[in-house]
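Peer 1:
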Amino acid sequence: MHLLKGKKSRWIALGFVTVFLLAVSTFTWYKNLGKPVTYVNSNQGSLSVGQNVELILQKSYICGADEEQTLKKNVASSDQLLQEYHDWQLVSHQENKYIFRTKIQDLAPICKEKGYFGLSGQNILTLFEGPPEENKVIQTFFQIDTKKFESSLPNELGFLNKGIRIKDLAEYNSILSTYEEYAEWSNGNIHPTGPKE
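What follows is the structure, given as structure tokens:
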């Protein structure tokens, strides 16, 4: 009987140890619930699963307009993020904030909706948001030789002063190539093609 009682107390002790270990592991699991899990990969270092990051996506369009979008995203790793935006240039990365930039070879939506070519001060060919009289400059190009322009296209100068509406990249390129012929090349009065500073 004494031998049986010893086996029974060992089983009871083993049962208590099992229940205790189960309770500790359940508590630990519950306490860490919702926290990101970290895995260590010997090839890539430490990766956090479920890491929240802030993304700033900057788009530069051919017409000189820029757009910026801010997103919050949950990613498994920075490698996943870099793969997802592989066509973009990573401009900055600080902690959980990433800034990506891309150049788009098309007109920005604002240029398609409200773009007008016209002349700004000193007869500079300019792309405006809205008619030229609103003076919302998007991009400047080059100075037009108005004497040469009027002698070749006498009615066009009035259209250009009022503003010529563009809606797509083909119209944008057509106006640039047409009016580049009348660019003022003397005395260093050429304005660089590109967005306004």
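Residue numbering for the sequence shown follows our numbering, beginning at -18 and increasing consecutively. By construction, the Cβ of each residue, glycine as well, lies at the ideal position given by its N, Cα and C atoms.
Is it true that the stretch 139 to 156 meets the stretch 97 to 108, where meeting means three or more beta-carbon pairs spaced less than 8 Å apart?
Peer 2: yes
Peer 1: Within 10 angstroms of the Cβ of residue 72, are there 16 or more other Cβ atoms? Answer buried if so, exposed if not.
Peer 2: exposed
Peer 1: On the CB-based measure, 16 or more other CB atoms within 10 Å of its CB, does residue 90 come out buried or exposed?
Peer 2: By the neighbour-count rule (16 or more Cβ atoms within 10 Å), residue 90 is not buried but exposed.
Peer 1: Report all residues from its chain with a CB closer than 6 Å to the CB of residue 95; omit the five preceding and five following residues, and keep chain order.
Peer 2: For residue 95, where only same-chain residues beyond five positions count, the Cβ hits under 6 Å are 110, 111.
Peer 1: Which value, in whole angstroms, describes the spacing of the CA atoms of residue 18 and residue 55?
Peer 2: Model confidence at residue 18 stands at a pLDDT of 39, short of 50, so the residue's coordinates are unreliable and nothing is read from them.
Peer 1: With H, G and I counted as helix, E and B as strand and the rest as coil, what does DSSP make of residue 149?
Peer 2: It is coil, neither helix nor strand.
Peer 1: For the beta strand (DSSP E) holding residue 99, just list the boundary residues, first then last.
Peer 2: 96 to 101
Peer 1: For the stretch 83 to 145, list the beta strand (DSSP E) runs that are entirely contained and at least 3 residues long, ordered along the chain.
Peer 2: 96 to 101, 105 to 110, 118 to 124
Peer 1: Checking the sheet assignment: what are the DSSP bridge partners for residue 162?
Peer 2: Paired residue(s): none; residue 162 is not in a bridge.
Peer 1: Helix, strand or coil for residue 28 per DSSP?
Peer 2: Only weak support is given to the placement of residue 28: the predicted model assigns it a pLDDT of 42, under 50, and the question is left unresolved by the model.
Peer 1: Let me check understanding here. Comparing Cα to Cα, which of 42, 49, -8 lies closest to residue 36?
Peer 2: For the residues 42, 49, -8, the minimum Cα distance to residue 36 belongs to 49.
Peer 1: Mind checking which residues open and close the beta strand (DSSP E) that includes residue 73?
Peer 2: 70 to 75
Peer 1: Tell me, to the nearest whole angstrom, how far the beta carbon of residue 125 is from that of residue 86; I am working on the premise that it is less than 8 Å.
Peer 2: That belief does not hold up - the Cβ atoms of residue 125 and residue 86 are roughly 25 Å apart, past 8 Å.
Peer 1: Within its chain, find whatever has a CB closer than 8 Å to the CB of residue 142; leave out the 5 residues flanking it on each side and keep chain order.
Peer 2: 99, 100, 113
Peer 1: So that I know if they touch, is there some Cβ in chain D lying closer than 8 Å to that of residue 139?
Peer 2: Among the protein chains of the structure shown there is no chain D, as only one such chain exists.
Peer 1: So, under 8 Å CB-CB, residue 120 and residue 45 are touching, yes? Tell me the CB distance rounded to an integer number of Å.
Peer 2: 3 Å
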